[in-house]
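The structure appears right after this line, and notes come after that.
In my numbering, the protein residues as written are 891 to 1237.
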(Lines of atoms letter the chains of each structure in order from A and count residues from 1; the text may use other names and numbers.)
(Lines give C-alpha, C1' and ligand atoms only; values in the text may rest on other atoms or scores of the structure.)
Protein backbone atom coordinates (compact mmCIF):
# COMPACT_ATOMS: atom_id res chain seq x y z
CA UNK A 1 0.00 0.00 0.00
CA UNK A 2 1.28 3.46 -0.91
CA UNK A 3 1.66 5.93 1.92
CA UNK A 4 -0.42 9.10 1.35
CA UNK A 5 2.42 11.36 2.55
CA UNK A 6 6.19 11.23 2.39
CA UNK A 7 8.56 13.35 4.43
CA UNK A 8 12.04 14.35 3.31
CA UNK A 9 14.75 16.62 4.66
CA UNK A 10 15.56 19.97 3.08
CA UNK A 11 18.90 21.62 3.75
CA UNK A 12 19.77 25.29 3.25
CA UNK A 13 22.15 27.81 4.81
CA UNK A 14 20.87 31.27 5.74
CA UNK A 15 23.72 33.57 4.70
CA UNK A 16 22.60 37.19 4.59
CA UNK A 17 19.53 38.93 5.95
CA UNK A 18 17.94 41.38 3.54
CA UNK A 19 15.64 44.04 4.92
CA UNK A 20 12.09 44.61 3.75
CA UNK A 21 10.14 47.76 4.53
CA UNK A 22 7.35 46.99 7.00
CA UNK A 23 8.02 43.24 6.96
CA UNK A 24 6.70 41.05 9.80
CA UNK A 25 9.18 38.28 9.03
CA UNK A 26 12.89 37.81 8.36
CA UNK A 27 14.11 37.37 4.81
CA UNK A 28 17.49 35.90 3.89
CA UNK A 29 19.65 35.14 0.92
CA UNK A 30 20.33 31.42 1.36
CA UNK A 31 22.17 28.59 -0.30
CA UNK A 32 20.11 25.53 -1.16
CA UNK A 33 22.45 22.56 -0.73
CA UNK A 34 20.38 20.24 -2.91
CA UNK A 35 20.08 22.64 -5.85
CA UNK A 36 23.50 24.23 -5.23
CA UNK A 37 21.81 27.56 -5.87
CA UNK A 38 21.22 30.92 -4.24
CA UNK A 39 17.61 31.41 -3.19
CA UNK A 40 15.62 33.65 -0.88
CA UNK A 41 14.16 32.19 2.30
CA UNK A 42 11.38 33.93 4.18
CA UNK A 43 11.43 32.81 7.82
CA UNK A 44 8.34 33.22 10.00
CA UNK A 45 8.48 32.27 13.70
CA UNK A 46 5.57 30.05 14.66
CA UNK A 47 5.33 31.88 17.98
CA UNK A 48 4.23 35.00 16.06
CA UNK A 49 1.37 33.20 14.32
CA UNK A 50 -2.12 32.40 15.45
CA UNK A 51 -2.22 29.48 13.04
CA UNK A 52 0.55 27.70 11.17
CA UNK A 53 -1.90 26.54 8.51
CA UNK A 54 -3.03 30.12 7.92
CA UNK A 55 0.47 31.29 7.13
CA UNK A 56 1.08 28.41 4.75
CA UNK A 57 -1.71 30.06 2.80
CA UNK A 58 0.90 32.50 1.45
CA UNK A 59 2.69 29.70 -0.35
CA UNK A 60 -0.60 28.34 -1.68
CA UNK A 61 -1.57 31.80 -2.94
CA UNK A 62 1.77 32.20 -4.71
CA UNK A 63 1.21 28.90 -6.51
CA UNK A 64 -2.33 29.94 -7.40
CA UNK A 65 -1.10 33.28 -8.74
CA UNK A 66 1.53 31.91 -11.15
CA UNK A 67 2.24 34.72 -13.63
CA UNK A 68 5.29 36.34 -15.30
CA UNK A 69 4.88 39.39 -13.05
CA UNK A 70 4.34 37.49 -9.78
CA UNK A 71 7.24 36.02 -7.79
CA UNK A 72 7.04 32.20 -7.89
CA UNK A 73 7.61 30.01 -4.84
CA UNK A 74 9.97 27.02 -4.94
CA UNK A 75 8.66 25.26 -1.85
CA UNK A 76 7.38 25.77 1.69
CA UNK A 77 8.48 23.81 4.75
CA UNK A 78 8.73 24.01 8.53
CA UNK A 79 10.77 22.94 11.51
CA UNK A 80 9.87 22.96 15.20
CA UNK A 81 10.09 26.74 15.57
CA UNK A 82 9.60 28.33 12.15
CA UNK A 83 7.98 28.25 8.74
CA UNK A 84 10.17 28.74 5.65
CA UNK A 85 9.08 29.84 2.19
CA UNK A 86 11.69 29.51 -0.57
CA UNK A 87 11.67 31.83 -3.60
CA UNK A 88 14.09 32.85 -6.35
CA UNK A 89 16.83 35.34 -5.54
CA UNK A 90 16.71 38.47 -7.68
CA UNK A 91 20.03 40.29 -7.61
CA UNK A 92 18.54 43.56 -8.88
CA UNK A 93 16.61 43.85 -5.62
CA UNK A 94 13.36 45.76 -5.20
CA UNK A 95 11.65 48.63 -6.94
CA UNK A 96 12.06 50.49 -3.66
CA UNK A 97 15.85 50.25 -3.93
CA UNK A 98 15.70 51.47 -7.53
CA UNK A 99 13.56 54.49 -6.56
CA UNK A 100 15.99 55.26 -3.74
CA UNK A 101 18.94 55.20 -6.14
CA UNK A 102 17.65 57.65 -8.76
CA UNK A 103 14.64 59.20 -10.46
CA UNK A 104 12.85 57.02 -13.00
CA UNK A 105 12.14 58.13 -16.53
CA UNK A 106 8.52 58.21 -17.66
CA UNK A 107 9.26 55.27 -19.96
CA UNK A 108 10.46 53.22 -16.98
CA UNK A 109 7.38 54.21 -14.96
CA UNK A 110 5.10 53.15 -17.81
CA UNK A 111 6.84 49.82 -18.45
CA UNK A 112 7.24 48.80 -14.81
CA UNK A 113 3.78 50.15 -13.94
CA UNK A 114 2.17 48.06 -16.70
CA UNK A 115 3.98 44.98 -15.44
CA UNK A 116 2.86 45.56 -11.84
CA UNK A 117 -0.72 46.17 -12.98
CA UNK A 118 -0.60 43.00 -15.12
CA UNK A 119 0.55 40.90 -12.16
CA UNK A 120 -2.08 42.50 -9.95
CA UNK A 121 -4.80 41.80 -12.52
CA UNK A 122 -3.80 38.12 -12.43
CA UNK A 123 -4.00 38.13 -8.63
CA UNK A 124 -7.43 39.74 -8.74
CA UNK A 125 -8.64 37.26 -11.37
CA UNK A 126 -8.04 34.54 -8.76
CA UNK A 127 -10.41 36.41 -6.38
CA UNK A 128 -7.53 37.57 -4.19
CA UNK A 129 -6.73 40.94 -2.63
CA UNK A 130 -3.01 41.44 -2.04
CA UNK A 131 -3.33 44.13 0.70
CA UNK A 132 0.39 45.03 0.62
CA UNK A 133 1.28 46.57 -2.74
CA UNK A 134 4.27 48.88 -2.21
CA UNK A 135 7.68 49.45 -3.86
CA UNK A 136 9.47 47.13 -1.43
CA UNK A 137 7.15 44.28 -2.42
CA UNK A 138 7.92 44.65 -6.13
CA UNK A 139 11.10 42.81 -7.11
CA UNK A 140 13.08 43.20 -10.32
CA UNK A 141 14.01 40.15 -12.36
CA UNK A 142 17.35 39.63 -14.08
CA UNK A 143 15.86 41.35 -17.15
CA UNK A 144 14.59 44.25 -15.06
CA UNK A 145 10.94 43.19 -15.13
CA UNK A 146 8.64 43.88 -12.16
CA UNK A 147 7.33 40.99 -10.06
CA UNK A 148 4.86 41.31 -7.19
CA UNK A 149 5.97 39.53 -4.01
CA UNK A 150 5.03 39.01 -0.34
CA UNK A 151 1.55 37.51 -0.09
CA UNK A 152 1.71 37.20 3.70
CA UNK A 153 -1.49 39.19 4.32
CA UNK A 154 -3.35 38.42 1.08
CA UNK A 155 -6.94 37.24 1.42
CA UNK A 156 -9.56 35.63 -0.79
CA UNK A 157 -12.77 37.49 -1.57
CA UNK A 158 -15.91 36.11 0.01
CA UNK A 159 -19.20 35.56 -1.80
CA UNK A 160 -20.09 39.21 -1.22
CA UNK A 161 -16.96 40.30 -3.12
CA UNK A 162 -15.10 41.65 -0.08
CA UNK A 163 -12.17 40.55 2.06
CA UNK A 164 -11.30 41.48 5.63
CA UNK A 165 -7.88 42.60 6.80
CA UNK A 166 -6.72 44.49 9.89
CA UNK A 167 -2.97 44.15 9.26
CA UNK A 168 -1.78 46.79 6.82
CA UNK A 169 1.22 49.02 6.19
CA UNK A 170 0.50 52.40 7.76
CA UNK A 171 2.03 54.65 5.08
CA UNK A 172 0.12 52.94 2.28
CA UNK A 173 -3.26 52.75 4.01
CA UNK A 174 -6.23 53.83 1.84
CA UNK A 175 -8.97 56.16 3.17
CA UNK A 176 -11.60 53.43 3.57
CA UNK A 177 -9.34 51.57 6.03
CA UNK A 178 -10.34 54.19 8.61
CA UNK A 179 -14.02 53.34 8.32
CA UNK A 180 -14.48 49.66 7.48
CA UNK A 181 -12.79 46.27 7.67
CA UNK A 182 -14.35 44.88 4.48
CA UNK A 183 -12.47 45.75 1.32
CA UNK A 184 -12.64 45.18 -2.42
CA UNK A 185 -9.92 45.04 -5.08
CA UNK A 186 -9.88 48.85 -5.11
CA UNK A 187 -7.79 48.63 -1.92
CA UNK A 188 -4.96 47.33 -4.11
CA UNK A 189 -5.71 49.93 -6.80
CA UNK A 190 -5.11 52.69 -4.24
CA UNK A 191 -1.81 51.12 -3.17
CA UNK A 192 -0.85 50.73 -6.85
CA UNK A 193 -1.53 54.45 -7.23
CA UNK A 194 0.70 55.26 -4.25
CA UNK A 195 3.43 53.06 -5.73
CA UNK A 196 3.16 54.90 -9.05
CA UNK A 197 3.22 58.21 -7.15
CA UNK A 198 6.49 57.23 -5.49
CA UNK A 199 7.88 56.17 -8.88
CA UNK A 200 6.98 59.60 -10.27
CA UNK A 201 8.08 61.80 -7.37
CA UNK A 202 10.75 59.74 -5.64
CA UNK A 203 10.82 58.29 -2.15
CA UNK A 204 12.51 61.36 -0.70
CA UNK A 205 9.55 63.60 -1.55
CA UNK A 206 7.10 60.97 -0.27
CA UNK A 207 8.96 60.53 3.02
CA UNK A 208 9.28 64.30 3.50
CA UNK A 209 5.51 64.64 3.21
CA UNK A 210 5.00 61.78 5.67
CA UNK A 211 7.50 63.23 8.17
CA UNK A 212 5.47 66.44 8.45
CA UNK A 213 3.07 64.53 10.69
CA UNK A 214 5.86 63.72 13.16
CA UNK A 215 9.39 62.40 13.19
CA UNK A 216 8.90 59.62 15.78
CA UNK A 217 6.09 57.24 16.77
CA UNK A 218 5.53 59.19 20.00
CA UNK A 219 5.23 62.56 18.22
CA UNK A 220 3.36 61.35 15.14
CA UNK A 221 0.02 63.11 14.62
CA UNK A 222 -2.19 60.11 13.85
CA UNK A 223 -5.39 62.13 13.76
CA UNK A 224 -3.84 64.67 11.39
CA UNK A 225 -2.54 61.92 9.14
CA UNK A 226 -5.92 60.18 9.16
CA UNK A 227 -7.63 63.44 8.19
CA UNK A 228 -5.14 64.04 5.37
CA UNK A 229 -5.55 60.54 3.94
CA UNK A 230 -9.35 60.56 4.14
CA UNK A 231 -9.56 63.98 2.49
CA UNK A 232 -7.08 63.36 -0.29
CA UNK A 233 -4.35 65.60 1.11
CA UNK A 234 -1.73 62.91 1.59
CA UNK A 235 0.14 62.54 -0.57
CA UNK A 236 0.08 65.93 -2.29
CA UNK A 237 -1.61 65.28 -5.66
CA UNK A 238 0.06 68.37 -7.17
CA UNK A 239 3.64 67.54 -6.13
CA UNK A 240 4.95 66.06 -9.38
CA UNK A 241 8.25 66.83 -11.07
CA UNK A 242 7.84 68.73 -14.32
CA UNK A 243 8.76 65.85 -16.64
CA UNK A 244 5.72 63.84 -15.49
CA UNK A 245 3.07 64.33 -18.23
CA UNK A 246 -0.52 65.33 -17.54
CA UNK A 247 -1.97 61.96 -18.55
CA UNK A 248 0.19 60.14 -16.03
CA UNK A 249 -0.67 62.65 -13.31
CA UNK A 250 -4.40 62.18 -13.95
CA UNK A 251 -3.97 58.40 -13.86
CA UNK A 252 -2.25 58.51 -10.46
CA UNK A 253 -4.86 60.89 -9.07
CA UNK A 254 -7.67 58.57 -10.20
CA UNK A 255 -6.03 55.61 -8.45
CA UNK A 256 -5.84 57.75 -5.29
CA UNK A 257 -9.45 58.93 -5.23
CA UNK A 258 -10.82 58.91 -1.67
CA UNK A 259 -13.99 57.08 -2.70
CA UNK A 260 -13.21 53.52 -3.89
CA UNK A 261 -15.99 53.73 -6.49
CA UNK A 262 -14.22 56.68 -8.17
CA UNK A 263 -10.94 54.80 -8.70
CA UNK A 264 -10.10 52.47 -11.55
CA UNK A 265 -12.13 49.34 -10.84
CA UNK A 266 -9.66 46.90 -12.41
CA UNK A 267 -5.88 46.73 -12.54
CA UNK A 268 -6.02 46.00 -16.28
CA UNK A 269 -7.67 49.40 -16.76
CA UNK A 270 -4.65 51.02 -15.08
CA UNK A 271 -2.32 49.12 -17.42
CA UNK A 272 -4.34 50.16 -20.48
CA UNK A 273 -4.26 53.81 -19.45
CA UNK A 274 -0.53 53.68 -18.67
CA UNK A 275 0.08 52.33 -22.17
CA UNK A 276 -1.43 55.55 -23.57
CA UNK A 277 1.23 57.76 -21.92
CA UNK A 278 3.47 58.94 -24.76
CA UNK A 279 4.92 62.31 -23.71
CA UNK A 280 8.34 63.15 -22.21
CA UNK A 281 9.26 59.48 -22.04
CA UNK A 282 13.04 59.69 -21.87
CA UNK A 283 13.95 62.71 -19.75
CA UNK A 284 16.28 61.67 -16.92
CA UNK A 285 16.07 63.84 -13.81
CA UNK A 286 18.99 64.07 -11.39
CA UNK A 287 20.06 66.44 -8.62
CA UNK A 288 23.39 68.19 -8.27
CA UNK A 289 23.13 69.65 -4.78
CA UNK A 290 20.02 71.85 -4.86
CA UNK A 291 20.05 72.04 -8.67
CA UNK A 292 17.69 69.86 -10.68
CA UNK A 293 19.04 68.64 -14.02
CA UNK A 294 17.07 67.06 -16.85
CA UNK A 295 18.92 65.33 -19.70
CA UNK A 296 17.75 63.52 -22.82
CA UNK A 297 19.68 61.90 -25.65
CA UNK A 298 18.17 62.08 -29.13
CA UNK A 299 20.08 60.47 -31.99
CA UNK A 300 23.32 62.50 -32.16
CA UNK A 301 22.25 65.26 -29.77
CA UNK A 302 21.88 65.68 -26.03
CA UNK A 303 19.57 68.21 -24.45
CA UNK A 304 20.15 69.48 -20.92
CA UNK A 305 18.18 71.79 -18.65
CA UNK A 306 19.48 72.72 -15.19
CA UNK A 307 17.33 74.67 -12.76
CA UNK A 308 18.76 76.07 -9.54
CA UNK A 309 16.74 76.41 -6.35
CA UNK A 310 16.27 80.16 -7.00
CA UNK A 311 14.82 79.50 -10.47
CA UNK A 312 17.90 80.33 -12.53
CA UNK A 313 18.01 78.02 -15.54
CA UNK A 314 20.48 76.99 -18.21
CA UNK A 315 19.31 75.13 -21.32
CA UNK A 316 21.84 73.59 -23.69
CA UNK A 317 22.14 71.36 -26.74
CA UNK A 318 25.28 69.28 -27.42
CA UNK A 319 25.93 67.74 -30.82
CA UNK A 320 27.80 64.52 -31.59
CA UNK A 321 30.94 66.56 -32.33
CA UNK A 322 30.86 67.91 -28.77
CA UNK A 323 29.76 71.42 -29.70
CA UNK A 324 27.46 72.89 -27.03
CA UNK A 325 25.12 75.80 -27.65
CA UNK A 326 22.63 77.54 -25.40
CA UNK A 327 18.90 77.42 -26.02
CA UNK A 328 18.49 81.05 -25.09
CA UNK A 329 14.71 81.10 -24.72
CA UNK A 330 15.03 78.87 -21.64
CA UNK A 331 18.08 80.47 -20.02
CA UNK A 332 16.33 82.58 -17.40
CA UNK A 333 16.73 84.08 -13.93
CA UNK A 334 13.26 82.96 -12.84
CA UNK A 335 11.97 80.08 -14.96
CA UNK A 336 8.47 78.88 -14.11
CA UNK A 337 7.18 75.31 -13.82
CA UNK A 338 5.06 75.93 -16.94
CA UNK A 339 8.17 76.99 -18.89
CA UNK A 340 10.10 73.94 -17.71
CA UNK A 341 7.29 71.67 -18.86
CA UNK A 342 7.16 73.48 -22.21
CA UNK A 343 10.90 72.94 -22.71
CA UNK A 344 10.63 69.26 -21.83
CA UNK A 345 7.74 68.89 -24.26
CA UNK A 346 9.25 70.88 -27.13
CA UNK A 347 12.80 69.52 -27.33
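Heads up, the beta-carbon is just placed ideally off N, CA and C, and yes, glycines get one too.
Among the options, which has the Cα closest to the Cα of residue i?
i, options, result
"residue 946", "935, 973, 1076", "973"
"residue 1161", "1006, 916, 932", "1006"
"residue 1239", "1002, 902, 943", "The structure shown has nothing for residue 1239, since the chain only spans 891 to 1237."
"residue 1043", "1118, 1019, 1030", "1019"
"residue 1220", "1195, 1200, 1211", "1195"
"residue 1151", "1105, 1015, 1100, 1078", "1078"
"residue 1255", "985, 900, 1212", "In the structure as shown, the chain starts at 891 and stops at 1237, and residue 1255 therefore has no counterpart that could be examined."
"residue 1066", "1138, 1201, 1153, 925", "1153"
"residue 1015", "992, 957, 1071, 991", "957"
"residue 1136", "991, 996, 970, 1060", "996"
Per DSSP, what are the beta-bridge partners of residue i in this structure?
i, result
"residue 1030", "1036"
"residue 1185", "1174, 1194"
"residue 1061", "Paired residues: none, contrary to the question."
"residue 1055", "None; residue 1055 has no bridge partner."
"residue 1204", "1196"
"residue 904", "920"
"residue 933", "916, 974"
"residue 1220", "None; residue 1220 has no bridge partner."
Give the range of the alpha helix (DSSP H) segment to which residue i is assigned.
i, result
"residue 1077", "1076–1091"
"residue 1216", "Element bounds for residue 1216: not the alpha helix (DSSP H) but the beta strand (DSSP E), 1214–1216."
"residue 899", "Residue 899 -> no alpha helix (DSSP H), and no H or E assigned at all."
"residue 1164", "1157–1164"
"residue 922", "Careful: residue 922 lies outside any alpha helix (DSSP H), inside the beta strand (DSSP E) at 916–922."
"residue 1008", "996–1015"
"residue 987", "985–991"
With distances taken between CB atoms, is the gap from residue i to residue j smaller than 7 Å?
i, j, result
"residue 931", "residue 920", "yes"
"residue 1093", "residue 989", "yes"
"residue 1172", "residue 1186", "yes"
"residue 1027", "residue 1040", "yes"
"residue 1101", "residue 1122", "no"
"residue 961", "residue 1029", "yes"
"residue 1084", "residue 1131", "no"
"residue 1068", "residue 1125", "no"
"residue 968", "residue 1023", "no"
"residue 1207", "residue 1182", "no"
"residue 1180", "residue 1199", "yes"
Following the continuous beta strand (DSSP E) through residue i, name the residue where it begins and the one where it ends.
i, result
"residue 1229", "Counting along the chain, residue 1229 falls outside any beta strand (DSSP E), though it belongs to the alpha helix (DSSP H) covering 1227–1236."
Can you tell me whether residue i sits near the ligand ATP, meaning its C-beta is under 6 Å from at least one heavy atom of the ligand?
i, result
"residue 908", "What this structure holds is no ligand at all, so the ligand ATP is not there to describe."
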